[in-house]
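Residues in the sequence shown are numbered consecutively from 81, following this note's numbering. We put the beta carbon where it would ideally sit given N, CA and C, even for glycine.
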Amino acid sequence: MKEERKDRSWIWAALIAATLLLGALALGEDMLHILKWYAALFIGSVVFYPLAAYLFKGFADVPWFFAKIMGFLIPGYIVWFLCSFELMKFSTLSCVVIFILCAILTYVLPFAIKKKTPLSFFKEAEISSLFKRELLFAAALTGYMYIRAFSPDAFGTERMMDYSFMQNLYESSYFPPTDVWFAGNPLNYYYFGQYIFTFITRLSFNKVDVGYNLALGTCFALCLSLAYSIGYALMEKKGKARAVAGTIGAMALMFAANMHFIIFYKLVPMLREILHISGEYSDYWYPDSTRYIGYNPDVADKTAHEFPAYSFILGDLHAHVINIFVVLSILGLVLSYLKRRESLGEKRKGIKELVSDSCVFAVGFLIGICSMENAWDFPIYFVVAGAVMLYANIKSLKSIKDVIFGTIIQGAEVIIISLLVSFPFTLNFDAMVNGIKKCTEHSRFYQLVILWGMPVILLISFILMLKNRYDEAKNNTEQTVIPLKTITSEDVFTVLIGLCALGLVIMPEIIYVEDIYSGGFKRFNTMFKLTYQSFILFAVMQAHIISVYITGSAGKKKIGSGLAALFFLLLCCGYFPVAVKMGIGTIGPKGELQGIDASAYIYEMCQEDAVAIDWIKYMTPPDSVILEANGDSYTIYNRVSTLSGRATVLGWRTHEWLWQNDADVVDERADDVRDIYCCNDPDLIRTLCAKYAVDYIFIGSCEYEKFLPEGMNVEVLKSMGEVVYNGGGASPVYIIRL
81 MKEERKDRSW IWAALIAATL LLGALALGED MLHILKWYAA LFIGSVVFYP
131 LAAYLFKGFA DVPWFFAKIM GFLIPGYIVW FLCSFELMKF STLSCVVIFI
181 LCAILTYVLP FAIKKKTPLS FFKEAEISSL FKRELLFAAA LTGYMYIRAF
231 SPDAFGTERM MDYSFMQNLY ESSYFPPTDV WFAGNPLNYY YFGQYIFTFI
281 TRLSFNKVDV GYNLALGTCF ALCLSLAYSI GYALMEKKGK ARAVAGTIGA
331 MALMFAANMH FIIFYKLVPM LREILHISGE YSDYWYPDST RYIGYNPDVA
381 DKTAHEFPAY SFILGDLHAH VINIFVVLSI LGLVLSYLKR RESLGEKRKG
431 IKELVSDSCV FAVGFLIGIC SMENAWDFPI YFVVAGAVML YANIKSLKSI
481 KDVIFGTIIQ GAEVIIISLL VSFPFTLNFD AMVNGIKKCT EHSRFYQLVI
531 LWGMPVILLI SFILMLKNRY DEAKNNTEQT VIPLKTITSE DVFTVLIGLC
581 ALGLVIMPEI IYVEDIYSGG FKRFNTMFKL TYQSFILFAV MQAHIISVYI
631 TGSAGKKKIG SGLAALFFLL LCCGYFPVAV KMGIGTIGPK GELQGIDASA
681 YIYEMCQEDA VAIDWIKYMT PPDSVILEAN GDSYTIYNRV STLSGRATVL
731 GWRTHEWLWQ NDADVVDERA DDVRDIYCCN DPDLIRTLCA KYAVDYIFIG
781 SCEYEKFLPE GMNVEVLKSM GEVVYNGGGA SPVYIIRL
């Protein structure tokens, strides 16, 4: 039997190798960058698997994907912490050294504490199961990188901003990094997620130009894999039913849209054609499913309700996207905690054992990471984790007094640990909110039904099914079944996260967080951030409910309901290929494979600028301040600072207004930049350049476009210092060192 398992392990290993080989055939030399990145992640998985196996003792699936996250999150955090207090410089060497030290500690500590070798954790698991999970990750990463290679540019929407974070972090020695678009000030935004992927970029001996898209691919593969693993673990019935549940979870999270897609992409056009309805009608565009409330009909209450499939096609490496794998890790941890507490049975232990549980410390650490990656997730998952842990404590403690007291202490522990974890970040961070306000505008009820009706109906159906099952057992005169035993921990976990998701949908209809967005956009950010998490929670919920229904675990009467829900979910999953076609283009031999370099677009848009930017990147100190033309959000302006990682006086106006929470200081800098380029007074130019410690003045396409009509005198600017770069041509690119 053991020999048979060994053979199967080699089969799965061979499939992983075949997947990577196919990737190499499809992506060519770009696959070398992917393999270096993949190797770093794989080694991290091996190193941290014993710790993951220890933390996820109650988890029904092998915690291989959680080990993969620990493999870069823990050493990455240690490097960041040391660099935040200037105890170490951020470099490739420091990343490798800390990773090696973590590997040594991870393998030495278990033996030193419990005389247990780390290899015993691998022996306890089926190696073939680990290889199966790795195949899923490898296929997801390679597949996504192939799709991304048809549209790799970090340009458009906010991709330039996200790229600028990574490039700036890569060039930084200490943290927080300087705001690359607001020279002289630390970056006042949630940069830790981009930092983590910059850490992997260095650890894998790559550069940011490929690291940006590899970060997106890793997010995609991790989120898909974790959704599978949690769905798998939520299914109590063993065998293929667990694989079905995992597959449904992965589909619901990573490929599905809301019901808006089904209605407006297929149903409405079909009805218009059948009923011969004429008049103005806009064809479906894939962002429409994320901009429905406030836009159709067009009213002065604009909102956003995005979801992961849209994010990964759009290609923004945003905080809420990066943090998906962190929040899924929190869900996995508390599910593990719940199952472990449940397994105690008659061996119930007291509060002391409860508050010293390793899961509490791990949840505190991850929620601390949330506060640095996407602060909205801090309160959301504190509540979600608290609800699950409260139920677990109710099941494992005899006294209600112990339950309340123990849970309060656990909550305090989580908050204290999270605050300590995030302390170096919050030390240099100013919140960009101005309080909580009551909503004066509300969504139309039918719009909420279109967006959230399907998962809410499924949740209500499931709760009613559990109630009926409980009532039947309670009314059973033979008392053959204990009523509470009819409801499993997985069922309760599913209901709890479903109710939390529902609460996140309702909340933006009651209150909103006030920030710089005003007028018709007051609710925009609040609904965006809250409903994004509700989509994630609903996806995990659907994995359990649909799989329980279709496998007959809820009785034959529910099989039809499960198949109907699965049918609509599959229709929603049609969003992904449609959106890929619209947002990325034709994939495959008929498409144009461009590679995975996220910065290559600048050579196509303006080769003269691109060459000059490369000169700055390789010929100037990382802490140099470069003056360039500032511009509006989502434009090519600020391409020099973005691609070189060198700070400039002012970047995209609206973004800096948000980060500084002050429009006046932003406008003052905009006026100063214009005066430097357009005035003919050398003394004023010197004074203003000294004010921002400008080292180099850049004159290129954007500067000619913006300032030449306003009177820019190139000769005066050239006279301010040494012309260290002259691109030649009719409109030459100049770099002047002051």
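Worksheet item: Would DSSP call Leu397 helix, strand or coil?
Response: coil
Discussion item. If distances are taken between C-alpha atoms only, which option among Thr258, Gln274 and Pro367 comes closest to Asn268?
Written reply: Thr258
Practice prompt. Name the two residues that bound the continuous beta strand (DSSP E) containing Glu521.
Written response: Neither: Glu521 is in no beta strand (DSSP E) and is coded neither H nor E.
Worksheet item: Going by the beta-carbon positions, is the gap between Gly486 and Val414 smaller than 8 Å?
Response: no
Discussion item. For a quick check, are the C-beta atoms of Tyr292 and Leu397 less than 8 Å apart?
Written reply: yes
Fill in: CA-to-CA distance, Gly515 to Tyr592, given in whole angstroms
9 Å
Worksheet item: Taking all protein chains shown into account, do 16 or more other C-beta atoms lie within 10 angstroms of the C-beta of Gln740, making it buried, or fewer, making it exposed?
Response: buried
Discussion item. One question on the structure: do Tyr772 and Val729 come within less than 8 Å of each other, judged by their Cβ atoms?
Written reply: yes
Item to complete: Just the C-alpha distance for Pro367 and Tyr345, rounded to the nearest angstrom, thanks.
Response: 12 Å
Worksheet item: The alpha helix (DSSP H) with Arg904 in it runs from where to where?
Response: Outside the displayed span of the chain (81 to 818) sits residue 904, for which this structure offers no information.
Worksheet item: Taking Trp737 as the reference, which of Leu539, Val513 and Leu135 has the closest Cα?
Response: Val513
Worksheet item: Are there 16 or more other CB atoms within 10 angstroms of the CB of Pro256, so buried, or fewer, so exposed?
Response: buried
Item to complete: For Asn605, count neighbouring C-beta atoms within 10 Å of its own C-beta (all shown protein chains included) and say buried if the count is 16 or more, exposed if not.
Response: buried
Item to complete: Could you check if Leu508 is buried or exposed, using at least 16 other CB atoms within 10 Å of its CB as the buried criterion?
Response: According to the sequence shown, residue 508 is Asn rather than Leu. Classification for Asn508: exposed.
Item to complete: Please check the pair Ser164 and Pro504, which I expect to be a contact at CB under 8 Å, by giving their CB distance rounded to whole angstroms.
Response: 4 Å
Item to complete: Find out if the Cβ-Cβ distance for the pair Ile114, Leu294 is shorter than 8 Å.
Response: yes
Item to complete: Taking 8 Å as the cut-off, decide whether the C-beta atoms of Leu185 and Thr574 are in contact.
Response: no
Discussion item. My output table needs one value for Tyr717: the three-state DSSP class, helix, strand or coil.
Written reply: coil
Item to complete: Just tell me which of Met331, Ser498 and Tyr612 has its CA closest to the CA of Pro657.
Response: Met331
Discussion item. Across the segment 679-696 and the segment 639-649, are there enough close Cβ pairs to call them in contact, namely three or more that are closer than 8 Å?
Written reply: no
Item to complete: Note down the Cα distance separating Phe170 from Phe277, rounded to an integer number of angstroms.
Response: 13 Å
Fill in: Residue interval of the alpha helix (DSSP H) (run including Tyr772)
Tyr772 -> no alpha helix (DSSP H), and no H or E assigned at all.
Worksheet item: Nearest to Tyr655 by CA position, among Met339, Thr327, Cys303 and Ala220, is which residue?
Response: Met339
Discussion item. With the cut-off set at 8 Å, would you say Phe217 and Phe300 are in Cβ contact?
Written reply: no
Practice prompt. Check the C-beta distance from Gly665 over to Phe230 and give it rounded, since I have them as a contact under 8 Å.
Written response: 6 Å
Worksheet item: Can you name the residues that DSSP bridges to Val705?
Response: Ala727
Practice prompt. List in chain order: all unbroken alpha helix (DSSP H) runs of 4+ residues lying wholly within the segment 258-346.
Written response: 272-283, 288-314 and 320-334
Item to complete: Report back the beta-carbon spacing between Ala389 and Ala336 to the nearest angstrom; my notes put them in contact at under 8 Å.
Response: 6 Å
Worksheet item: Just how far apart, CA to CA, sit Leu107 and Ser598?
Response: 45 Å
Worksheet entry | Opening and closing residue of the alpha helix (DSSP H) in which Glu785 lies | Ser781 to Phe787
Worksheet item: Residues bridged to Glu802 by DSSP?
Response: Arg817
Item to complete: Return the bridge partner residues of Asp712 from the DSSP annotation.
Response: According to DSSP, Asp712 bridges with nothing at all.
Item to complete: Could you check how far apart the C-beta atoms of Phe128 and Gly151 are, in whole angstroms? I think they sit under 8 Å.
Response: 5 Å
Practice prompt. With DSSP as the reference, label Val593 as helix, strand or coil.
Written response: strand
Item to complete: Label Arg719 either buried or exposed according to how many other C-beta atoms from any shown protein chain fall within 10 Å of its C-beta, with 16 as the threshold for buried.
Response: buried
Worksheet entry | First through last residue of the alpha helix (DSSP H) which encompasses His356 | Here His356 belongs to no alpha helix (DSSP H), and DSSP marks it neither H nor E.
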